[in-house]
Amino acid sequence: MIRHVILRALSKLLIPLIMLFALYVQFHGDYGPGGGFQAGVIFGAAIILYALMFGLEAAKRVFPPRVLEFFVAFGLLLYGGVGIEAILLGGNFLDYGHLAHEPVHGQHLGILLVELGVGITVAAVMASIFFLFAGRGRSDV
Amino acid sequence: MTGGEADLITRVSDDLPALQIAVPLLSAAICLLVRRARAAWAVAMVVAWGSFASACVLLSRVLQSGTISYAEGGWRPPWGIELRIDLLNALVLLVVTGICAIVLTASPRSLDQEVWREHHHKFYALYLLCMTGLAGMTITGDAFNIFVFLEISSLSSYALIAQGTTRRALTSSLQYLVMGTIGGTFLLLGIGMIYMVTGTLNIADMAVQLAAVGPNRTVLVALACIGIGTGIKLAVFPLHIWLPNAYTYAPAIVTAFLAATATKVAYYVLVRFVFSVFGAPLAFGELRLDAVLMPLAIAAMFAGSFVAIFQDDIKRMLAYSSVAQIGYMVLGLSLASVSGLTGGLVHLFNHAIMKSGLFLVMAAVVLRMGSTRLDAFAGLGRRMPFTMAAFVVAGLSLIGVPLTVGFVSKWYLVVGAIEGGLWPVAVLILLSSLLALIYIWRVVEVAYFRQPPEDAPEVSEAPASLLVPIWVLAGATVFFGVFTSLSVGLASAAARMLFGVEL
Amino acid sequence: MIDVIHIVLFTFLAVIAIAIIRLRDLFAAVMLMGIFSLLSASLFTVMDAVDVAFTEAAVGAGVSTILMLATLSLTHSSESTRYARPRPMALVAVVLTGAALVYATFDMPRYGDPAAPIHHHVADHYIEDTDDEIGVPNMVTAILASYRGYDTWGETAVIFTACVGVMMLLGGARTFYRWRHREEDEPEEAGEAS
Amino acid sequence: MTVETAVGLAVLWPLAGIGLIALFRRWPNVRETATLLTAGSLFAIVAKVILPAVMAGGRPRLDIIEVLPGLQLAFEVEPLGMLFALVASGLWIVTTLYSIGYMRGHHEENQTRFYICFALAISGAVGVAFAANVFTLFVFYEAITLSTYPLVTHHGTEAAKRAGRVYLGILMGTSVGFLLFALVWTYLAAGTTEFRPGGILAGQIDGWQLIVLLGLYAFGTGKAALMPFHRWLPAAMVAPTPVSALLHAVAVVKAGVFTVLKVLVYVFGIDLLASTDASRWLTWVAAFTIIAASIVALTKDNLKARLAYSTISQLSYIVLGGALATSAGVLGGGMHIAMHAVGKITLFFCAGAILVGAHKTEISEMDGLGRRMPFTFGAFLLGSLSVIGLPPMGGSWSKWYLMLGTVEAGQLTMMLVLMASSLLSIAYLMPVVVRGFFRPPTADGHDDQDGEDSPKIREAPLLCVMPPVLTGIGCVVLFFYADDIYRLLMGIVTP
Amino acid sequence: MFEGGLYPYWIVIFLMMTGLYVVISRDNLVKKVIGLNIFQVSVIMFYVAMGKVRGGTAPIEAEGFTIYSNPLPHVLMLTAIVVGVATTALALSLVVRINEAYATIEEDEIRELEREEEA
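Spelled out as structure tokens, the structure:
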């Protein structure tokens, strides 16, 4: 792996691009195909690529499993939190119309947030699962 | 308290159906974050008992003011997803949350022994997810939503089962996963077909549209697909092969929980589709579902009990007994009458209580003896008197002795069979309970009349944290066998509702 | 034209599916599985399901393939031929199920039929009112996140569940085995954990 | 205390006794005193509070709870149940006395469990006696089965466990397979399962259904030991003798025949049976059981086994009495419950006393024992005479009424059966007495105890001998008090 | 000629059954998981196929289009894909663990080992 200098250099360039693309997919989902889930997968793929290129340990230093674990839960909490917030603001669960003064704005905001929640969880899950599989090979008895 | 706060509380309590699902699901994420075994347990306990309380409130509301409909996201059904709680699923919800809470209360000691402590918080997260999935399937009014929550509960139960102490837990879990996924996918396919001909996913709406479509080939196969899908999760006779392994090798706590809830909810889903979507006249009259299910149910009753008799591992024996008991529930459905369905539903309630009690006894025995093989029970009647007494009580209920819940179920099944003119079926129900007598009595005999081997280690009674839940459940088998107004009242009201019979 | 694309894609899919049955080399099977996903993604695009196609490509061809390859690298890369034998019963079961499903199709609306019930009732509402109610051009996103946002939350929970499950199964390998080993010392244990 | 409360109390009383027994498990003397006190006070409640009310024509009723719609847990005392409750609670006292002597004399283990299960069984018997409907009766019937199971398997040996399996298998099997079925059927046909004078089935079901339902009840009541469901009774002989006394005289078998009789009278109604002849076949089954069991009894050398088959035979007298469907038959059957109970318990007590005193179980080894154990064998003689049905023993009255019943029903064959059976019972019971008193002791010693056994043999401990003597005398006393029983039971046929 | 027919469903059913056959007939656990995947993807195809409207376009609002394919099945299938990958991940981690415990991923070899264990 170490010897693939070109590959590593290339991926150093590529990974930020992929992440950027993920963000685009994340936030452009309202207008074109894509959304939180796809963005999450792509972001996760970027992390996986990093791990493949620079080794699992390096990847774990950049994306510590504990942090990933937090984000796994955080995305779900964010999504549910939006739902609960809607209740507190007087709507039904996940009724984004109540999140802002105008229902359509509320819908926009709500969709943005929950898609973000999905994206975060999915990215963290994809990366975590890959780390777990990859880590299994080494520490295995 | 200010008016604003009071207002908030009423508003939030109107959202109870959503919170019933949302809070446990969020707490599962929190369990993952707290990382400490006992802290996660505490979170889970609060949530589980809270869910139970909320289920009680919902039930009382349904009893007072009829079906509750809750629009998730504020979108009116059929455009949005609806939570719809009526008598039928309020009962199931009560069972799921109640058993979940009780079993969870018993869990710490047993888990300390069977699951690596570093994993406990994840275990509780999955446990809550599993409950949420089951509760979500139960109260949702949307067909596709059933599938989503089915998968939450399934995936979490696969992972939970794999935590068993032997390596066979892994293979059992995978076997369940493969079958469960096939089942889930068939369910998806069936839902898709109905969706295709009705254009809606809302269960109540489906029923309306389907009545207009009438029976055709697509509908027939859709029913078959849903039957296979739920049948696998429910472990209906030929599709039951995952169940004995899964229940045997899973941690005892998991078995106690799943045995009492997972199959019950699958049964509920089947009942829901058959009655609320297809409707009894279509399902039984045109599509002859009863003719398919009845032989399978009877085969399950006998095959399950018969195989149970020859098991050396008592946990496995109880698992096979579950196969037989599921046969009773399916039989109740296939009798296609109010009494029969009442029997099936009441057995859902009753079997949940007694089986979780029995499996918790297994947890206690594993904790003290390290094994549930028949030999381990020698002399336990004297050495763990309270635990074994609970086993006897719940076992008698399984046999169907009067003044226990098992009798109540059997009563309605027999009444249903005779009312339907199916005399041989009535006889078979009674005969099969004799098989239960045999397999339960094997254990009783060993526990009370066989001396433990000379070199047997000293064992003491199970700890109170296990004993209390065990006796709550054992007591419930007697309590609900005498005071039947809750279980039978609800079940028969639900059955009448499903058959459209006015009181 | 569309028909031709359909036929070509479907033919490829069928060929790949059969090849997967027959292949003993698991690496090849996994790669074919990835191609199968990609081809389905193309098919989804042809069927106007761009979001589904995008996701299938990312998940089926991407994530699933990586996970399977990871699994193969941890286990064995080819299927044992020792027990290879035909399974006539499986074939019969599958053929019967398939026949039943084909039987069901005869009462289904024709493919692409705009008059099919599925395209009316609920769907009409989404197509017509999404813009007013939610103001998002991508109807799929609107339904996904708002009309059926509850489902999507459930979906997030599914992936969360799987993640916790995998963590429990594959996390903390060494310590885990040491802990299991403790069990083996006890006489009651059958010592089954390896 | 109102009579209604007393009815409930009578059922619960033994359970309170259990509390005491469990509490004092470490002090045997206190424990046994507690049992005796419970038994005595139970009898007092039954005889002093409830009996007068029933004799006065009252039918005290106590509703507990409606378990399922139309299915109540309730008690109602009528004459037949009254009699059974009297027998059960009265004999519990003597049996307890006897148990103390026997269990200690025999150094039995698990005595606390023994007394607890015994009390449970009595509670069940009283419940059966007072049951207001078939459902309640079924509940307590099963309670008796379950609580006597540990008594049968008391020794915990392989043989005991096997016997326990047969016991539980047949009793549970028949009750769940047939009796429960009959219960559901009755419920569906009549809309109730209440016991009512004149029956509840008249006009509800017709010809062949009536016969099948009757069959379900008759064979479903496995405790009545109608052939071919009699196997459990001899099997249960492995139990300690007081248990055999309980099984064969007090609680179990009497609960069985009581059930049959009660169902015949209060569910079917003798008028219905008489008018449809639905019970004709049952008289034949009973007759067959009477004769066949007597003949088997003749072949048994083991005393307890012989007594067991004698019981099977005698029980069918009661079933026959009911199946004749005449008032005299029912009276005779009811009366035979009491008469046979006292007679048979005497015999079992004696068998136990012989075992404790002389360690003999086989009749052929009992030569000359009567001279060493005069009280025991004397009591055995009294019991035998009562079972055979000779005056001045109580048993003669019940036979008399049964014979009247056959005449009323016009079934003279049955009269012949009864007479033949009396002869047979002479043949299987008298040899024991004859050997005991008139054969010389076997000093030649064909068994391994030879020379040593002579000094060992003496009367069993006082507590083992006194009860059979008491009940033996009771057989005589009952001859003179039969009129009271007759008056009590007249309430059944002339409500 | 094909649009308006039933053939896409038939092919989808064929694919579905191929997947199911792999699951039932193969002993290799990875193969089984692949089979499950094919099965699930085929069901997804079934849903997507029924959402197709002749002459429609992707359900993203744009000028000049009035006929859209039905978006609802697409939404449902996004969820189903997620469920599929979740199941796959869990199944594969089980396969890894099974391989560690039994040193094989062939079901019949595992069954043989289990039988030996019991004996």
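As given, the protein sequences belong to chains A, B, C, D and E, one line each in that order.
Residues 159 to 299 (the numbering used here) make up the first sequence, in order.
Residues 2 to 504 (the numbering used here) make up the second sequence, in order.
Residues -12 to 181 (the numbering used here) make up the third sequence, in order.
Residues 28 to 522 (the numbering used here) make up the fourth sequence, in order.
Residues 1297 to 1415 (the numbering used here) make up the fifth sequence, in order.
Don't be surprised by glycine CBs; every beta carbon is placed ideally from N, CA and C.
Source: prediction; values computed, not measured.
Residue environment, D:L64, which counts as buried when at least 16 other CB atoms sit within 10 Å: exposed
Pairwise C-alpha distance: D:L342 and D:I171: 18 Å
Residues near E:S1321 by beta carbon distance below 7 Å, same chain, minus five either side: none
Whole runs of the alpha helix (DSSP H) within the segment 182 to 244 of chain D, excluding any shorter than 4 residues: 185 to 201, 207 to 217
Interface flag, E:Y1303 vs chain B, CB-CB below 8 Å: no
C:R9, buried or exposed, once every other Cβ within 10 Å from all chains shown has been counted against 16: exposed
Residue burial classification, D:K75 (beta-carbon count within 10 angstroms, cutoff 16): exposed
With 16 other Cβ atoms within 10 Å as the buried cut-off, status of C:D116: exposed
Cβ of A:Q184 within 8 Å of any chain C Cβ: no
At least three beta-carbon pairs within less than 8 Å, the segment 308 to 326 of chain D to the segment 363 to 372 of chain D: no
CB of D:A335 within 8 Å of CB of D:L260, strictly: yes
The alpha helix (DSSP H) enclosing B:S154, as first and last residue numbers: 144 to 162
Contiguous alpha helix (DSSP H) assignments of at least 4 residues, all confined to the segment 123 to 185 of chain D: 138 to 157, 161 to 179
Helix, strand or coil at B:S338 [DSSP, three-state]: coil
Inter-residue CB distance, B:G74 and A:D253 (contact presumed, cutoff 8 Å): 5 Å
In DSSP terms, what B:R85 is bridged to: B:S70
4 or more residues per run - each alpha helix (DSSP H) lying fully within the segment 287 to 371 of chain D: 297 to 303, 307 to 326, 330 to 350
Beta-bridge partners of B:T141, as assigned by DSSP: B:L84
CA nearest to the CA of B:A377, picked from B:V255, B:V460, B:M46, B:L156: B:V460
Best match in E:R1411, E:A1387, E:A1399, E:L1368 for proximity to C:I114 [C-alpha to C-alpha]: E:L1368
Residues bridged to D:L95 [DSSP beta-bridge criterion]: D:L98
Bridge partners - D:T498, DSSP secondary structure assignment: D:T498 pairs with nothing; no bridge assigned.
is_contact[C:R135, chain B] using C-beta, thresh 8 Å: yes
Collapsed DSSP secondary structure at C:S64 in the structure displayed: coil
D:P255: first and last residue of the uninterrupted alpha helix (DSSP H) it sits in: Neither: D:P255 is in no alpha helix (DSSP H) and is coded neither H nor E.
Positions along the segment 233 to 254 of chain A whose CB lies within less than 7 Å of some CB in chain B: L234, L235, G238, G241, I242, I245, G248, G249, N250, F251, L252, D253
Counted within 10 angstroms of its Cβ, other Cβ atoms place D:H386 as buried (16 or more) or exposed: exposed
Assigned exposure category for B:E115 - 16 Cβ within 10 Å defines buried: buried
CB of D:L544 within 8 Å of CB of D:V290, strictly: The requested residue 544 of chain D does not occur in the structure, where chain D is confined to residues 28 to 522.
Beta carbon of D:V294 nearer than 8 Å to that of D:T180: no
Neighbour-count burial assignment, B:L502, 16 or more Cβ in a 10 Å radius: It should be pointed out that residue 502 of chain B corresponds to Val in this sequence rather than to Leu. By the neighbour-count rule (16 or more Cβ atoms within 10 Å), B:V502 is not buried but exposed.
Against chain B: residues of the segment 1340 to 1369 of chain E by CB proximity under 7 Å: F1342, Y1343, M1346
Coil, strand or helix - B:R168 by DSSP: coil
Backbone CA spacing between D:T219 and D:A112 [nearest angstrom]: 24 Å
Within-8 Å CB hit, D:M362 to chain B: no
Pair within 8 Å by beta-carbon distance, B:H122 and B:L112: no
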